[in-house]
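What follows is a single structure, written as structure tokens, with notes after it.
Numbering (UniProt numbering), first residue to last: 1 to 161.
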């Protein structure tokens, strides 16, 4: 009887496995923010996950005051590297890269960090090399992007294209 139950549990477990098992899960310790262009030229966006209460408060103040602050962050396309959900919420498109470390909100960044999400997506290895990354990690500081609003976990978890 025990063998039969164990066998049924094993089969049930295997049947419930899918490619979505590697899909990131929204972390309840994070607050997610939508980062969009300040002039909506390309209409792209990406997700900024924050955990530090001071960073969260600053992001909310930027939104409330309609400030234009650059997000300086480290990125990776390695799903084992502090993986967090990243997508273009405006187009419901998943990016292969994600923010692994938030550096801060700044008024300026060096030109080599300026770009846009789809450019990083299409030229990831080149981007990492140019921004002095360590092979899988790069840096971003897109000039024309700022925090625009908070993103709910349910919105974040919607299936992407």
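The beta carbon of each residue, even a glycine, is placed where N, CA and C say it ideally should be.
Note that the structure is a prediction, hence the values are computed from the model and not measured.
(request) Name the two residues that bound the continuous alpha helix (DSSP H) containing residue 158. (result) Element bounds for residue 158: n/a, residue is neither H nor E.
(request) Report buried or exposed for residue 52, applying the criterion of at least 16 other Cβ atoms within 10 angstroms of its Cβ. (result) Per the 10 Å Cβ criterion, exposed.
(request) Give the range of the alpha helix (DSSP H) segment to which residue 112 is assigned. (result) Counting along the chain, residue 112 falls outside any alpha helix (DSSP H), and DSSP gives it neither H nor E.
(message) What does the Cβ neighbour count give for residue 106, buried or exposed, with the cut at 16 atoms within 10 Å?
(response) By the 10 Å Cβ count, residue 106 comes out exposed.
(request) Just mark residue 87 as buried or exposed, buried being the case when its beta carbon has 16 or more other beta carbons within 10 Å. (result) The residue in question, residue 87, is buried, as its Cβ has 16 or more Cβ neighbours within 10 Å.
(request) Would you kindly report the start and end of the unbroken alpha helix (DSSP H) that includes residue 128? (result) Residue range 124–130 is occupied by the alpha helix (DSSP H) that includes residue 128.
(message) So the candidates are 60, 121, 112; which of them puts its Cα closest to the Cα of residue 130?
(response) Here the closest residue by C-alpha is 112.
(message) Could you check whether the stretch 139–153 touches the stretch 55–71, counting it as contact only if at least three pairs of C-beta atoms, one from each stretch, sit closer than 8 Å?
(response) Three or more beta-carbon pairs separated by less than 8 Å link the stretch 139–153 to the stretch 55–71, which places the two stretches in contact.
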